[in-house]
Amino acid sequence: MLTTRQVDAYHALTVVAPGIVERFRPGHFVGVAVGGPHTSMLTRRAFSIHDVKPDYGGTVEFVFAVNGPGTAWLAGRRARDTLDLVGPLGRPFPLPRDPVNCVMVGGEYGSAMLFAVADALQRRGCRVDFVLGAASADRVFGAMRARRMGETTTLTTEDGSLGMRGRVTDVLPGVIADVRADAVYACGPMEMLRGVTDVAVEFDIPVQVAVEERMACGIGVCMTCVLPVIGDDGVTRMVRSCVEGPVFRGERVRFDDVGTIPFDALGAPGGGSRNVG
Amino acid sequence: MLTTRQVDAYHALTVVAPGIVERFRPGHFVGVAVGGPHTSMLTRRAFSIHDVKPDYGGTVEFVFAVNGPGTAWLAGRRARDTLDLVGPLGRPFPLPRDPVNCVMVGGEYGSAMLFAVADALQRRGCRVDFVLGAASADRVFGAMRARRMGETTTLTTEDGSLGMRGRVTDVLPGVIADVRADAVYACGPMEMLRGVTDVAVEFDIPVQVAVEERMACGIGVCMTCVLPVIGDDGVTRMVRSCVEGPVFRGERVRFDDVGTIPFDALGAPGGGSRNVG
Amino acid sequence: MSVDMRTYLGHVELANPVVTAAGCAGSGAELAQFFDLGRIGALTTRSITMAPRAGRPTPRMAETPSGLLNAVGLQGPGVDAFLARELPWLAQRNIRTVVSIGGGTVAEYTALARRLNDAPGVAAVEVNLSCPNIEDRGRVFARDGAASAEVIASVRAVMRYDVPVVAKLSPDTADIVTVARACVDGGADALSMINNPLGMSIDTETMLPSLAAGTGGLSGPAVRPLAVRCVWQVRAALPTVPIIGMGGVLTGRDAFEFILAGACAVAVGTALFHDPYACLRVLRELEELVAARGYTRLADVIGLAHRPPGATTRHRTDFEESPL
Amino acid sequence: MSVDMRTYLGHVELANPVVTAAGCAGSGAELAQFFDLGRIGALTTRSITMAPRAGRPTPRMAETPSGLLNAVGLQGPGVDAFLARELPWLAQRNIRTVVSIGGGTVAEYTALARRLNDAPGVAAVEVNLSCPNIEDRGRVFARDGAASAEVIASVRAVMRYDVPVVAKLSPDTADIVTVARACVDGGADALSMINNPLGMSIDTETMLPSLAAGTGGLSGPAVRPLAVRCVWQVRAALPTVPIIGMGGVLTGRDAFEFILAGACAVAVGTALFHDPYACLRVLRELEELVAARGYTRLADVIGLAHRPPGATTRHRTDFEESPL
Ligand SMILES: Cc1cc2nc3c(=O)[nH]c(=O)nc-3n(C[C@H](O)[C@H](O)[C@H](O)COP(=O)(O)OP(=O)(O)OC[C@H]3O[C@@H](n4cnc5c(N)ncnc54)[C@H](O)[C@@H]3O)c2cc1C
Ligand SMILES: Cc1cc2nc3c(=O)[nH]c(=O)nc-3n(C[C@H](O)[C@H](O)[C@H](O)COP(=O)(O)OP(=O)(O)OC[C@H]3O[C@@H](n4cnc5c(N)ncnc54)[C@H](O)[C@@H]3O)c2cc1C
Ligand SMILES: Cc1cc2nc3c(=O)[nH]c(=O)nc-3n(C[C@H](O)[C@H](O)[C@H](O)COP(=O)(O)O)c2cc1C
Ligand SMILES: Cc1cc2nc3c(=O)[nH]c(=O)nc-3n(C[C@H](O)[C@H](O)[C@H](O)COP(=O)(O)O)c2cc1C
Ligand code: FES
Ligand code: FES
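In order, the protein sequence lines correspond to chains E, B, S and X. Sequential numbering of the first sequence, starting at 1, is according to full-length UniProt numbering. Sequential numbering of the second sequence, starting at 1, is according to full-length UniProt numbering. Sequential numbering of the third sequence, starting at 1, is according to full-length UniProt numbering. Sequential numbering of the fourth sequence, starting at 1, is according to full-length UniProt numbering.
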């Protein structure tokens, strides 16, 4: 590991990981082992890649909030400690071929992964505008960077401590209309993604969301990270957010049914059989 | 924690622990938590106290060999890390009232605890001689200090890389005879303690041994650290080495029967009942 | 905000729900050097047997990931010495004492219960059913509802009416609810779970079992998910029976897990080996957690995790306190 | 010194004893991105069911101390899609495949076995007995010897003679040996253990179960002592029956523990979630440990911990190698 820094409510860790940088595309995440040798914490923690840099053969930066014992342990790491990463994982954001207008919507630490996307979009000649929100000012991540990169940047906080009081979905329709957006990219809490998707659907523009589900493996083998997504054939399947996501077309995700098995999903229980395995 | 140092095959950790120093008497040990928060290692590791100093309100030093995951973790600690200690634990060495001649016999890291005993003995006017042994030169602990403190110091190694080739029990009879020893104090592997006891019994002088048994608690509540010891009433009981020991009169310990329940021990199985608990 | 932590094992009131687990608190005197035993809900003794027992050979313990294997084999002084020395010591200090008993036959359990009947200072009797039944090829009583119920019924029959009989169950059975129900039908006033499931580890250096006894009981946080599940299942099936939950409680959070699953008291065992003060720390942490969620009585959170997911939790602060 | 790591499930030879655990290796294609699946002993599929299954709602996983709770609910594409896509993919690559099957009735297991009969590339069939028996109030087959044996006998009866039938057992039973013996009497060629014991955890923030399904299966190092004990007990009772050991294997040392207890093959499950390369690492570490102890054949260390404590271990290097 290289450096650690604290950004408002968040911690940022930069790790030398050339193998990951080589294959990185915006939207990827990493699986980070926590707790050190002989830890009682078995599963890797998933973090979106915030930034990659060419230094030291290639470094990866991720940003996180302390949430439980694993992230608390990570927050205690010091410069020059080593960290065990697997990645890059997940399906990255699809990028448009044409130079279109894109709105980047980020909630809480979800903003962190959007800058690499915005960068790639700008290199393709896209216009990029930001809408970032959080509960309070110290939880809005990347406002400065957004202001530097975006044509416009709109901030919201629920307590009004920064930008507009409210949620990103309160201001998003205005931004989409103002900038004549062609597409929306969003990352943040599920509730926000649902709202953002609704707005985009209303404007009839495509929306790409990066979702967050509890993951035990991150590589597609454990089947714990599923959510109901409608396929090209119109059939809802419980798909793995780690390998078939975390990026999905927003309107394909059945946000209302997350945490359930919709009755019309492929293989939904009919006979009522129930299994341990 | 204050400082760490490496002494030949051993690591030594010095920890600020005024509460332990206050009550310390030679022969005491400490229970050290290993692995940090959320470790999978539940039990404390037992280490004899090598030294206490008045610095910083009171420091405790213990010496250890890397043996498994817990000691490996300890060996990785750095200056200014903190350590979680419970102590002082165990029954210390009884000291003679009169200024008698004492031979201190130490095997491997077992020597470490003897210097505090020797110090206390010397302050009572006792003559102290050392016999220290180990498999090889780098595993003999405290030879220099023994040379400084003891009237004589005899070293043995099994590979002959330091002192006499052989075991402490090979040279002990000679030393006892030479110095007209009145008592023996010993700490080291069980096999050595058995041999030392045999020698002392032959010379008909008292021998105090500090034993080592696997301990889950160190405070007398788990009953895992027992060994067969003959009581004043002549009855063998399975006694706890953590609170009734680790120091015992050598001739009371049934070394040949360690790891068994002697048929004549109090409560030895007769009816053949067997329990999980 | 302080929380009313009182709880009940049948008619016996405990000042708070934190007790020691059987066999993990020595005779009491060892822990008393670290804290005042009067401040915990109760002390549970090791399982007392009729005759003195030397227990199993060493090594008796091995560490496993987040767990501990032990094969102590109920080493203890026997009931006579217990009644002569250990129980009076506890009684003199007004330490609420749950006496655990273990036997190899129904008759032995019954005889033990009889011996305890006149002894002062027995708050409850916990029947350790994880003992091998000598009359049934050493099959552990707790495996099986009928064998467990027979022991409980006999103990209940001889025990004074005002001393609750607690059946201590093991997860090593096909269906914990069946065994629990059999025990309650047999007269158990309360249930305690879980005793150690049987485990084993092998020393890959010597290429032999780590424990002299081969197998041993597994305790510690590793078994907590099994224990919480057992408490949950039994609470769902028998909602009115008091349950003492145990297995891997290290913190107040862990204790709270058992309370939410339906336990009215929580025992601390292996944690004492690491932290002699564990009981008081767990109690303090538990009280803080309950208070932080807006409750003023422990009784109001017992089994709360059984409410349907959508249901709102009733915060007792919303109501007038009724005098109990 | 290289070690002959070959091992046998009945008449089926595996190049080495390290296999993946059912339900922990996806369809194979996911892991194939990390290493060549042809280098492990075998890949075990998730439990295949007749119909496609969407599984259980999320959250499906929760971490516990040194363990993992999961309630996936056998999500999978159903046997038709499995035979049409997943099995051929594996067969084309010559990956030794153990197909796990799960059902709610004896008839369903039997129908699955029939479907697998003509499929090429089935090295063995593993019968996941930890499924609820719809015809017996949802009681899990594996709890009970008779129910397990009935499933095994039916599967054995329809399955091609040269495909071994492996019965996968659960520790959630009163006596694993009784169930194991019943399965062998019913025709099982090998046994595999352990499937996940049932566990639970409660989220003390929401004060509700962590898993949407309430309870879930516990895996990882926390259960290893239970698993080693099961393997040990079954090996002692049925020394000639091949056993696939599993439960919490993270390293070669852990795998060696199972081999010494009597397993002839070892499955890696939860460890794959942490380290996609775990199988090859475990294999390498295991080979090194066996070699370091002076053995040249894995076969010579299987069950070695059952020798009496005093007995000297026979190092195969002391003997002339006999051509196998
Ligand atoms: C694709 C993806 C990208 C993510 N990116 C970020 C990021 O950039 N910054 C950030 O702060 N967080 C991110 N998260 C959430 C992050 O993984 C969790 O905060 C973290 O795992 C919590 O670990 P813990 O030990 O602190 O908490 P605990 O609650 O103790 O974790 C216990 C278990 O639950 C899992 N878990 C708990 N919360 C979550 C969650 N929200 N999502 C997934 N698994 C969870 C953990 O992985 C672990 O296995 C991301 C999650 C996913 C799935
Ligand atoms: C009273 C006493 C004093 C000791 N003093 C010292 C000392 O001064 N220096 C030193 O190097 N070692 C000493 N030991 C031994 C030391 O406790 C073990 O080396 C250490 O516990 C090994 O831990 P581990 O995690 O490295 O090994 P592991 O083998 O992984 O330990 C696993 C478990 O077994 C126990 N254990 C393993 N070996 C021993 C052992 N030999 N004695 C007791 N418990 C053991 C551990 O405590 C732990 O619970 C002493 C032991 C006792 C009982
Ligand atoms: C060393 C040790 C000794 C035990 N002795 C007994 C006993 O005598 N009687 C009994 O019913 N349970 C006994 N148990 C089981 C505990 O009371 C408790 O049920 C179990 O260990 C789970 O709790 P824990 O994980 O907090 O230790 C013992 C456990 C340990 C670790
Ligand atoms: C996420 C997950 C899914 C599983 N699915 C199955 C399954 O489909 N069929 C089965 O027999 N066992 C299943 N198991 C059990 C494993 O095959 C294995 O028996 C158990 O997890 C113990 O091994 P481990 O600790 O190495 O994971 C599953 C386990 C996990 C963790
Ligand atoms: S996290 Fe394991 S399949 Fe997605
Ligand atoms: S180590 Fe627990 S009683 Fe001695």
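In this text, a Cβ means the ideal position worked out from N, Cα and C, and glycines have one as well.
Any C-beta of chain S under 9 Å from that of residue i
i, result
"B:G218", "yes"
"X:E257", "yes"
"B:I261", "yes"
"X:R316", "Interpretation of X:R316 is limited by its pLDDT of 42, a score under 50 that renders its predicted location unreliable; no figure is taken from the coordinates."
Residue i beta carbon near ligand 7 (any heavy atom closer than 8 Å)
i, result
"X:G23", "Among the ligands in the structure shown, ligand 7 does not appear; only ligand 1, ligand 2, ligand 3, ligand 4, ligand 5 and ligand 6 can be found there."
Exposed unless 16 or more other CB atoms sit within 10 angstroms - verdict on residue i
i, result
"B:V235", "exposed"
"B:V201", "exposed"
"S:S154", "buried"
"X:V3", "buried"
"residue 282 of chain B", "Any property of residue 282 of chain B remains undetermined from this structure, which presents chain B solely from 1 to 277."
"B:H50", "buried"
"X:N117", "exposed"
"S:E135", "exposed"
"E:P54", "exposed"
"E:D264", "exposed"
"E:G57", "exposed"
"B:G174", "exposed"
Residue i Cβ short of 8 Å to ligand 6 heavy atom set
i, result
"B:V258", "no"
"B:I176", "no"
Contact test: residue i Cβ vs ligand 4 heavy atom, cutoff 8 Å
i, result
"B:R148", "no"
Contacts that residue i makes with chain B (C-beta to C-beta distance below 7 Å)
i, result
"E:T39", "H38, T39 and S40"
"E:G35", "H38"
C-beta atoms of residue i and residue j nearer than 9 Å
i, j, result
"S:L69", "S:G23", "no"
"residue 328 of chain X", "X:V249", "In the structure as shown, chain X starts at 1 and stops at 324, and residue 328 of chain X therefore has no counterpart that could be examined."
"S:M61", "B:T43", "yes"
"X:V18", "X:L272", "no"
"X:R229", "S:L129", "no"
Test: residue i CB closer than 9 Å to a CB of chain B
i, result
"E:P26", "no"
"E:G31", "no"
"S:F35", "no"
CB contact check: residue i to chain X, cutoff 9 Å
i, result
"E:V229", "no"
"E:E213", "yes"
"E:L266", "yes"
"S:A174", "yes"
"S:L208", "yes"
8 Å Cβ cut-off: residues of chain S touching residue i
i, result
"X:A69", "Note on residue identity: the sequence assigns Leu, not Ala, to residue 69 of chain X. The contacting residues are P225."
Closer than 9 Å to chain E by CB, residue i
i, result
"X:H306", "no"
"X:R253", "no"
"X:R143", "no"
Residue i beta carbon near ligand 2 (any heavy atom closer than 8 Å)
i, result
"X:T97", "no"
"X:F34", "no"
Chain-ordered chain X contacts of residue i [CB-CB under 9 Å]
i, result
"S:D118", "Residues of chain X passing the Cβ test: none, with the nearest at roughly 36 Å."
Chain-ordered neighbours of residue i on chain X, where CB pairs are closer than 8 Å
i, result
"S:S66", "P65, S66, G67, P221 and A222"
Amino acids of chain X, ordered along the chain, whose beta-carbon sits closer than 7 Å to that of residue i
i, result
"S:A263", "Simply none; closest approach about 11 Å."
Closer than 9 Å at the beta carbon, the chain E residues around residue i
i, result
"B:P269", "Going along chain E, no residue has its Cβ under 9 Å from B:P269, so there is no contact; the nearest lies around 36 Å."
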